[in-house]
Amino acid sequence: MFEWLSMARILHVIAAVFMAAPLYMLIVVGERGAFGRRIDAAMDGYMERIVSGQPRRCYAYVAVLFFTGLALLILTGQGLAPVVTNWTVALKVVLTLAVLGIITYVHMVLQPQVNHLVASAGTEDVAVKVWPLRSLRKRLAAVCLFLVLTIVLLGIRLVVPYSAATLLLFLILAALFAWRAFRVPVPWGFG
Ligand code: HEM
């Protein structure tokens with residue numbers, strides 16, 4: 001007999017772990033700052049290639065999170081009603097859609113412009129156009145990091161209910177952490 005509930009939980013948590021990407025992308029682009037503002041086609045091309053591939057990976061993880069999230073509701077006997085009747089579940093879904101929206105904007109709008117500019121770095125001075133786009137992308141990554149942490153906090157609350165005060169405390173810590181990761185590549189992990 002398959003342990004469907006355990007399997008759904010395992011997949012849900014593993015996919016959630018892989019959603020740490022905004023943190024690691026912030027670290028990658030944060031470390032880029034040490035090399036000055038001049039755009040180098042080889043070095044920046046390498047970094048942009050890593051960053052460019054991230055939205056597609058995130059789509060895959062979010063798809064797993066959606067399916068296993070809904071499966072968890074069904075397998076725990078609640079049916080799909082909590083998606084609209086339980087504010088914690090509803091908020092998780094809405095925030096996940098917000099993350100998808102940000103990822104899609106970066107993937108479809110921002111990233112192609114950055115890639116195009118970096119590719120022409122050898123022939124023209126593109127730095128003045130590239131950095132504002134990167135700055136916006138970095139801001140969006142920090143927002144994504146905060147949203148992912150919030151979704152995780154809400155998810156844990158579904159399994160181990162805890163007070164609104166504790167939720168608020170950790171939301172503040174999540175916001176501080178996202179802000180810190182936006183500013184520096186968190187050399188000590190938590191700060
Ligand atoms: C949008 C669709 C989603 C739905 C419907 C959903 C639903 C759920 C449900 C029902 C639980 C409780 C699990 C249980 O009873 O064992 C849960 C837990 C959890 N969710 Fe989600 N979730 C969604 C998205 C996400 C996303 C995007 C993340 C991470 C970025 C996430 C991270 C977690 C975590 C960490 C837990 C706690 C697991 C545990 O402690 O066992 N979820 N989710």
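Counting in this note's numbering, the sequence shown runs from 1 upward without gaps.
Ideal Cβ placement from N, Cα and C applies to all residues, glycine included.
query = Among residues of its own chain, excluding the 5 on either side of T68, which ones have a beta-carbon nearer than 6 Å to its beta-carbon?
reply = Reading the sequence shown from its first residue, position 68 is the one you call residue 68. Result list for T68: A8, L11 and H12, in chain order.
request  = State the DSSP-derived secondary structure class of D125, mapped to helix, strand or coil.
outcome  = Along the sequence shown, read from residue 1 onward, the residue named residue 125 stands at position 125. It is coil, neither helix nor strand.
request  = Taking only the alpha-carbon atoms, compute the straight-line gap between V193 and V114 and give it to the nearest angstrom.
outcome  = With the chain running from 1 to 191 in the structure shown, residue 193 is simply not present.
message = Under 8 Å: do the region 62 to 80 and the region 24 to 31 share three or more Cβ pairs, one atom per stretch?
response = no
request  = Using only the heavy atoms of the ligand HEM, determine whether one of them is closer than 8 Å to the beta carbon of M19.
outcome  = Here residue 19 corresponds to residue number 19 of the sequence shown, with the count starting at 1. Checking the Cβ of M19 against the ligand HEM gives yes.
request  = Would you tell me roughly how many angstroms separate the C-alpha atoms of I14 and K92, rounded to the nearest one?
outcome  = Residue 14 sits at position 14 when you count from the first residue of the sequence shown. Residue 92 sits at position 92 when you count from the first residue of the sequence shown. Distance between the alpha carbons of I14 and K92 is about 17 Å.
request  = For the alpha helix (DSSP H) holding P113, just list the boundary residues, first then last.
outcome  = Taking the sequence shown and counting its residues from 1, one reaches residue 113 at position 113. Looking at the sequence itself, residue 113 is Gln, so the reference to Pro does not match. Looking at the DSSP string, the run of the alpha helix (DSSP H) that includes Q113 is Q111 to A119.
key: Cβ-based neighbour list, F170, same chain, cut-off 7 Å, excluding 5 preceding and 5 following   = Position 170 of the sequence shown, counting from 1, holds the residue named residue 170. Excluding sequence neighbours, F170 sits near L153.
key: Closest by C-alpha distance to V193, when choosing among R49, V62, E48 and D40   = The requested residue 193 is not part of the displayed model; the chain covers only 1 to 191.
query = Less than 8 Å between the CB of G155 and some heavy atom of the ligand HEM, yes or no?
reply = Within the sequence shown, the letter at position 155 stands for residue 155. Within the cutoff, so yes.
ask   = Can you tell which of E3, A16 and L5 has the C-alpha that lies nearest to the C-alpha of I156?
value = Residue mapping note: residue 156 aligns to position 156 of the sequence shown, counting from 1. Closest option to I156, Cα to Cα, is A16.
query = Would you call M108 buried or exposed, if buried means 16 or more other Cβ atoms sit within 10 Å of its Cβ?
reply = Here residue 108 refers to the residue found at position 108 when the sequence shown is read from its first residue. Under this definition M108 is an exposed residue.
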